[in-house]
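Data block below; observations after.
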Amino acid sequence: MQLPRISFSSRAVVEDPFKWAYTLEDHGYTGWEIVQEGSQCLSSKTVQNLKNIYETTNLELTLHLPFSDMNLAGLNDSIRAEVLRQMKNYLTLASNYVSLAVVHPGYLSPYGAQVPDQAYMTNLASIRELCDFAADFGIIIAVENMPDFPKIFGKYPDEMQEMLDAIGSHNVGFTFDVGHANTVGLIDEFLDQLNDRISHVHIHDNMGKKDEHLPLGEGNIDWKHVMGKLSNYKGIFVTEMSSVEEGIKSLEFLRKL
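Just so you know, our numbering puts 78 at position 75 of the sequence shown, and the rest follows in order with no gaps.
The structure is reproduced here in structure tokens:
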């Protein structure tokens, strides 16, 4: 198959990303999704590196907001305010270079599990606040469906559709993560129910039990079927791999489909 727009996202956030980012186009990638975790976190110093990549390559850049120790459904107001402050800081730093940012929904803390409705409404309010902030920069906030983790919002199609409707922002989008949907056995259900709402797609493989982030073709996902059902999707496909080498394997797999 002729490759669509394919972006690379690295889960290895303890190494310097700017050493391998310049090699992505050589391997056939057309974009880079910058994960705001570990060494990939932008700062007033490293944003110059991002500017250089933006100006000297043809890579299409997107942002993945941080998720470690971040809970948009958290009921400790001071901590949640800090989570939002950090996310808004990364949106500001990247605002000249990206038009889409991925965000994970929140999850139930021990306190939140006792008042799940309150936690869910807090999750909605947090994402809505991010949308309002990002709208000033022309950035879409694309909420991602989650894998089969306990007490996390956004695992199921009905829930994701309800969440997007309830947020109600003009710049809220949906990041469809195929690997995550496979862990709950609902790839087709997501594609049938939310196909026309997909703003962004994450692709990686697994065996249907755990969120393994394997190269494409090394799990049990029927990629020919998935890509066929996404034939009308015109956005970016993002491989979420541990290394560029795994990304290259995924590109080679796609070329052979």
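For each residue, glycine too, the CB sits at the ideal point set by N, CA and C.
N-terminal and C-terminal residue of the alpha helix (DSSP H) that residue i is part of
i      : result
Ala137 : 119-138
Ile142 : It is not in any alpha helix (DSSP H) - Ile142 carries neither H nor E in the DSSP assignment.
Phe193 : 190-197
Glu58  : 50-59
Ser46  : Premise fails: Ser46 is in no alpha helix (DSSP H) and is neither H nor E.
Ser81  : 80-97
Ile170 : 160-170
Collapsed DSSP secondary structure at residue i in the structure displayed
i      : result
Gly34  : strand
His183 : helix
Phe240 : strand
Ile224 : coil
Leu257 : helix
Ser202 : strand
Asp208 : strand
Val229 : helix
Tyr110 : strand
Phe177 : strand
Residue i burial status per 10 Å Cβ neighbour count (16 or more: buried)
i      : result
Gln51  : exposed
Val86  : buried
Phe156 : buried
Asn185 : buried
Glu58  : exposed
Glu248 : exposed
Ala84  : exposed
Proximity below 9 Å, CB of residue i to CB of residue j
i      : j      : result
Gly171 : Arg131 : yes
Gly31  : Leu219 : no
Residue span of the beta strand (DSSP E) that contains residue i, given as start and end
i     : result
Leu64 : 63-67
Ser71 : Segment: none, Ser71 is in no beta strand (DSSP E) and carries neither H nor E.
Ser10 : 9-13
Min CB distance residue i to chain B below 9 Å
i      : result
Leu219 : No chain B is present in this structure, which holds just one protein chain.
Worksheet item: Counting Cβ pairs, one atom from each stretch, are 3 or more of them under 8 Å apart for the stretch 23-40 and the stretch 108-119?
Response: The stretch 23-40, when compared against the stretch 108-119, does not touch it at the 8 Å Cβ threshold.
Worksheet item: Does the stretch 162-177 come close enough to the stretch 227-237 to have 3 or more Cβ pairs within less than 8 Å?
Response: Flag = no, the stretch 162-177 and the stretch 227-237 do not touch.
Item to complete: Report yes or no: do three or more beta-carbon pairs, one from the stretch 100-109 and one from the stretch 66-82, lie closer than 8 Å?
Response: By the criterion of at least three beta-carbon pairs nearer than 8 Å, the stretch 100-109 is in contact with the stretch 66-82.
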